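In this note's numbering, the protein residues as written are 132 to 367. Step one of this worksheet: look at the structure below.
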Amino acid sequence: MRAKSRAIALLLTVSIAAALAGCASGPAEPKPEIRRFTLIPVASPLHVSTANKTLALPLVPALIVSSIDNRWKSARFDEKLASVRKAMGEKMTAALLKELAAQGFEVTLLENVHRPADDPDAIDYKRLPTREPVLHVTFDEVGMYAGRLSIDYQPKVNVSAQLWARPGDKAWLVSETFFFGADSSGDDDWSAPADPKYRYPDFDTLMSKSDEVAESYDVAIQALAKRVASQLRAQL
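Printed below as a string of structure tokens:
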């Protein structure tokens, strides 16, 4: 009888705890419907790089040689693509304005954004000259990448997008990462594969085709801007 009483008491305790937890969490608050916000001008990436993971054997000396080789090639590649890299922020900003307008958003481009020269995306949002929702899109990685399962270099352009209801808020309304080329997982809402014509079997070929590489980055910018705008429309 006592065992039965203890079992009933335990069941009641668990039920009450579950009910209290449900009351505490409550239903998720719906996101506000936002059709107007400001856009921070996109900063160009500070560098572009190359990496060839197929060169690295599972031995310490080989890994060291591969790392030195990748750094040397990245420096040469970054120097050759300097003008292309410096134009990417402006191109992405223009593409976003176009795609966001196509999705029905009214977007204002922020001017006079204070940003450190050595880290232009380290922005103090509380100092922004607006109290409207603000969108910040950043380049995470830009370069040409050959993975362990492929000998070919292919474009790698990854961007992140965060939308805040108000500058300085602790939590964002939308936060997503988008991938083009090497890190993509097929053609979907967050991912866009690169055309196979932008694959290069070795570094010398890659360097000799720098105009094509620049073209692949233009394609990446358009594809990623379209996906950023589409996801904002789907989530707001």
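Glycine is no exception: its CB is placed at the ideal position from the N, C-alpha and C atoms. Quantities reported herein were computed from a predicted structural model and do not represent experimental measurements.
My output table needs one value for P286: the three-state DSSP class, helix, strand or coil. Of the three classes helix, strand and coil, the one that applies to P286 here is strand, per DSSP.
Is the beta carbon of A206 less than 8 Å from the beta carbon of S175? no
Selected residue, minimal CA-CA separation from K357, among Y329, A292, D333: A292
Step through the CB atoms of chain C and report whether any lies within less than 8 Å of the CB of D335. The structure shown contains no chain C; it is built from a single protein chain.
Report the three-state DSSP secondary structure of V350 (helix, strand or coil). helix
Count the other CB atoms, across all protein chains shown, that sit within 10 Å of the CB of S316; report buried if there are 16 or more and exposed otherwise. exposed
Confirm the yes/no value for this check: CB of G278, any heavy atom of the ligand NAP, distance under 7 Å. The model depicted lacks the ligand NAP and carries no ligand whatsoever.
Expected contact under 8 Å - CB spacing of V288 and Y331 to nearest Å: With a Cβ gap of about 16 Å, V288 and Y331 do not count as contacting.
In three-state DSSP terms, what is V273? strand
Could you tell me which residues DSSP puts in a beta bridge with W303? DSSP output for W303 lists no bridge partner at all.
When DSSP labels each residue in this structure, what does T239 get in the three-state scheme? strand
From S339 to D249, what distance separates their C-alpha atoms? If you draw a straight line from the Cα of S339 to the Cα of D249, it is about 30 Å long.
Per DSSP, what kind of secondary structure is L266 in: helix, strand or coil? strand
Around the C-beta of T224, are 16 or more other C-beta atoms found within 10 angstroms, so that it is buried, or is it exposed? buried
Which of helix, strand or coil does DSSP assign to G153? Bear in mind that the predicted position of G153 carries a pLDDT of just 47, short of 50, making it too unreliable to give a figure here.
Rounded to whole angstroms, what is the Cα-Cα separation between W321 and V179? When rounded, the distance between both Cα atoms is 22 Å.
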